[in-house]
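Counted the way this note's numbering counts, the sequence shown spans residues 5 to 144.
These notes are about the structure you will find just below.
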Amino acid sequence: MDGIKLLLVDDEVEFLQTLMRRMKKRNVDVAGANSGEEALAYLSENSIDVVVLDVKMPGMDGIETLREIKKAMPITEVIMLTGHANLEVAVEGMEIGAFDYLMKPINIDDLLYKIQDAYKKKTLHEQKIQSMQAMVQSGN
């Protein structure tokens with residue numbers, strides 16, 4: 005998991021701290037935020053590859069936060085987390101651009117697998133963009 009920069013966003017402080025510890029044990033470069041607003045402030049100043057975002061949070065919820073992330077950083081991948089099965093919210097999140105949607109409690113290995121997949125997708129997007137920029141610069 006070397007090289008992936010991860011941001012975990014959840015208003016449940018204990019859950020967030022536990023998940024951050026588990027990610028650090030697996031050599032993931034991880035940061036945490038307790039709200040959508042805090043996540044957006046962090047993202048405005050730091051380069052992040054993948055965001056794991058709780059759906060239900062007070063204030064700015066996960067769907068609203070996802071919208072803002074995708075507006076500002078369209079190739080940053082976002083994995084939505086929820087403790088409440090809600091198909092409508094899952095569909096809305098996927099339509100806005102979420103990479104995937106997982107239920108709490110989560111299996112750490114399943115989450116790591118999804119994070120790796122999301123990182124691969126972001127890396128491919130970056131490579132395509134660089135390739136297109138090179139073609140434009142060379143005049144083709």
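Positions of the beta carbon are idealized from the N, C-alpha and C atoms, including for glycine.
Asked, Found
"Where do the N-terminal and C-terminal ends of the alpha helix (DSSP H) with Met61 fall, by residue?", "Careful: Met61 lies outside any alpha helix (DSSP H) and carries neither H nor E."
"Going by DSSP, what residue range makes up the beta strand (DSSP E) through Met107?", "Asp104 to Met107"
"How long is the line joining the alpha carbons of Pro62 and Phe19, rounded to whole angstroms?", "16 Å"
"Looking only at its own chain, which residues have a Cβ that is under 6 Å from the Cβ of Glu41, when we skip the five neighbours before and after it?", "Met64"
"Between Thr86 and Lys60, how many whole angstroms is the CB-CB distance? I'm expecting something under 8 Å.", "6 Å"
"How is the beta strand (DSSP E) around Asp33 delimited, first residue to last?", "Asp33 to Ala37"
"From the DSSP output, in three-state form, read off Met81 for me.", "The question names Met, but residue 81 is Glu in the sequence shown. Glu81: strand per DSSP, three-state reduction."
"Give me the Cα-Cα distance between Ile79 and Ile67, rounded to the nearest whole angstrom.", "17 Å"
"Please go through the stretch 9 to 54 and give each complete beta strand (DSSP E) segment of 3 or more residues, from N-terminal end onward.", "9 to 13 and 33 to 37"
"Label Asp113 either buried or exposed according to how many other C-beta atoms from any shown protein chain fall within 10 Å of its C-beta, with 16 as the threshold for buried.", "exposed"
"Ignore the nearest five residues each way along the sequence and tell me which others in Leu44's own chain have a CB closer than 6 Å to its CB.", "Glu72"
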